[in-house]
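Enquirer:
Shown next as structure tokens:
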């Protein structure tokens, strides 16, 4: 049985009130004295534990159960510490490190080591990943375009709840939070990430019934990063080339929405991408048509009242020409979307 703790930050924002630290004595918190010391992490959690308890009953998912019937075990203030004190960040930018470090300093959580997920870690167990040493975070080459997940290790239930509740104050993009627990420690990081995002999606569509729309930010990915992203995310590739697709092949599994009439077909694209969380746009070189259509799509999604489910919009660097030149497999079928198996 594999277990992970999952709380979508969007739901936390909807139901939890801000924690107020005014007029409270600040005592520095260290991991060695965690059981005896008082800290902002621990003091604030008393108040958090009194609120909307129904949310906490949607926290810990057992992935032994069928994916269409997730079971959630409460995340409580009594949950014990497990693992080394660390935050394993998947899908975060290295540029966000300073803001997260300042946030941890403000809540007396400086004892938590920040670890960024790299490509190599995806094939490691979570246990090995949270023990990774990254002495110079600025030099770390993070795995890009992955779902934003913050794995919490070395905190008890109180501290996890307080950190999750306070995280939106940093002003960074939302993330999903998952606690390291014994039953999931030996699973591959990429497998657990995929399971977490699957349950997170169902949790957002369940009886809680409300999800906050996230502001989409366009980024770029390389062909190798796209392949890695497909392992852990529900990705749709959107080819906006025009007639050249018919004679110059295409990426296996891609959708074709020509740039010439793209604006009028965006409602159709939203329908076609149901069940996907990431849209990857490209044209021949991804210099004009690809970025333009990607921005049009982001603008269109921002004006829709209902959530389309797309969490990230990215552009494939060097477009189809770069993909093909790098030796990646292409397809010459006439189907739209292409039914060939994704590379």
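Numbering (the working numbering), first residue to last: 72 to 414. Note that the Cβ used here is the ideal one computed from N, Cα and C, for glycine as well.
What is the DSSP secondary structure of residue 269, counted as helix, strand or coil?
Expert: Here residue 269 refers to the residue found at position 198 of the chain shown. Three-state result, residue 269: helix.
Enquirer: Can you give the Cα-Cα distance for residue 350 and residue 380, rounded to whole angstroms?
Expert: Taking the first residue of the chain shown as 1, we reach residue 350 at position 279. Taking the first residue of the chain shown as 1, we reach residue 380 at position 309. C-alpha separation (whole angstroms): 10 Å.
Enquirer: Which residue's Cα is closest to the Cα of residue 151: 171, 251, 240, 210?
Expert: Counted from its first residue, the chain shown places residue 151 at position 80. For residue 151, the nearest C-alpha among the options comes from 251.
Enquirer: Can you tell me which of the three DSSP states residue 351 falls into?
Expert: The residue labelled residue 351 in the question sits at position 280 within the chain shown. Three-state result, residue 351: strand.
Enquirer: Using CA coordinates, which residue listed in 223, 232, 394 is at the minimum distance from residue 356?
Expert: On the chain shown, position 285 is the one that residue 356 refers to. Here the closest residue by C-alpha is 394.
Enquirer: Got a sec? Which residues, its chain only, sit under 7 Å from residue 297 by beta carbon, not counting five neighbours each side?
Expert: Looking up residue 297 in the chain shown gives position 226. Result list for residue 297: 351, 387, in chain order.
Enquirer: Hey, could you find the ends of the alpha helix (DSSP H) residue 421 is sitting in?
Expert: Residue 421 lies beyond the range of the chain shown here (72 to 414); nothing can be said about it.
Enquirer: Are residue 221 and residue 256 closer than 7 Å when you measure CB to CB?
Expert: As a working note, residue 221 is residue 150 in the chain shown. As a working note, residue 256 is residue 185 in the chain shown. For residue 221 and residue 256, no; Cβs fall outside 7 Å.
Enquirer: Taking only the alpha-carbon atoms, compute the straight-line gap between residue 207 and residue 239 and give it to the nearest angstrom.
Expert: Residue mapping note: residue 207 aligns to position 136 of the chain shown, counting from 1. Residue mapping note: residue 239 aligns to position 168 of the chain shown, counting from 1. Between residue 207 and residue 239, the C-alpha separation is close to 26 Å.
Enquirer: Keeping to the same chain, check which residues put their C-beta closer than 8 Å to that of residue 155; ignore five residues upstream and five downstream.
Expert: Counting from 1 along the chain shown, the entry for residue 155 is found at position 84. Counting only Cβ-Cβ distances below 8 Å, and skipping sequence neighbours, we find 184, 201, 202, 224, 225.
Enquirer: What is the residue span of the beta strand (DSSP E) that residue 412 lies within?
Expert: Residue numbering aside, residue 412 sits at position 341 when the chain shown is read from its first letter. From DSSP, residue 412 is part of no beta strand (DSSP E); its letter is neither H nor E.
Enquirer: Are the stretch 388–408 and the stretch 334–341 in contact at 8 Å, needing three or more beta carbon pairs?
Expert: Flag = no, the stretch 388–408 and the stretch 334–341 do not touch.
Enquirer: Does the beta-carbon of residue 216 have 16 or more other beta-carbons within 10 angstroms, so that it is buried, or is it exposed?
Expert: The sequence position of residue 216 within the chain shown is 145, counting from 1. Under this definition residue 216 is a buried residue.
Enquirer: Closest by CA to residue 180, which one among 210, 235, 194?
Expert: Position 109 of the chain shown holds residue 180. The residue with the shortest Cα to Cα distance from residue 180 is 235.
Enquirer: Can you have a look at residue 219 and say buried or exposed, based on whether 16 or more other CB atoms are within 10 angstroms of its CB?
Expert: Position 148 of the chain shown, counted from the first residue, corresponds to residue 219. Buried is the call here.
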